[in-house]
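Inspection log for the structure reproduced underneath, given as structure tokens.
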Amino acid sequence: MNPNDATFTCLNCGRPETAGPLVALRYNGDQAWICSQCLPVLIHQPQRLVGRLAGAENLTPARHDH
Ligand SMILES: [Zn+2]
Numbered sequence: 000m001n002p003n004d005a006t007f008t009c010l011n012c013g014r015p016e017t018a019g020p021l022v023a024l025r026y027n028g029d030q031a032w033i034c035s036q037c038l039p040v041l042i043h044q045p046q047r048l049v050g051r052l053a054g055a056e057n058l059t060p061a062r063h064d065h
């Protein structure tokens, strides 16, 4: 499969890049994509990504002061 033909999807909700912007992330040598709607989950509730993002159980939630 030509990688240029691949449609990337959000690692959390599976939303395809054709439905909205995806943000590239890199963690532990793996690249993944997350949509702008799920970015707050990665920042504040990374434990919800356990099983979806390798090593997510090691992430620490950012402080949430607002
Ligand atoms: Zn998403």
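The sequence shown runs 0 to 65 under numbering that gives the first Met the number 0.
Just so it is clear, CB atoms sit at the ideal spot from N, CA and C, and this is done for glycine as well.
Model, not experiment: these values are computed from the prediction.
According to DSSP, simplified to helix, strand and coil, what is residue i?
{"i": "LEU21", "result": "strand"}
{"i": "ASP4", "result": "helix"}
{"i": "ALA31", "result": "strand"}
{"i": "PRO15", "result": "strand"}
Taking the alpha carbon of residue i as the point to measure from, which residue in the options has its own alpha carbon closest?
{"i": "ALA44", "options": "ALA31, CYS34, HIS63", "result": "According to the sequence as given, residue 44 is Gln; it is not Ala. The shortest C-alpha separation from GLN44 is found at HIS63."}
{"i": "LEU10", "options": "PRO39, ILE33, VAL49", "result": "ILE33"}
### Query
Just the residues with CB closer than 5 Å to a heavy atom of ligand 1, in chain order, which are they?
Listed by position in the chain, the residues whose beta carbon lies within less than 5 Å of some heavy atom of ligand 1 are CYS9, ASN11, CYS12, ARG14, CYS34, CYS37.
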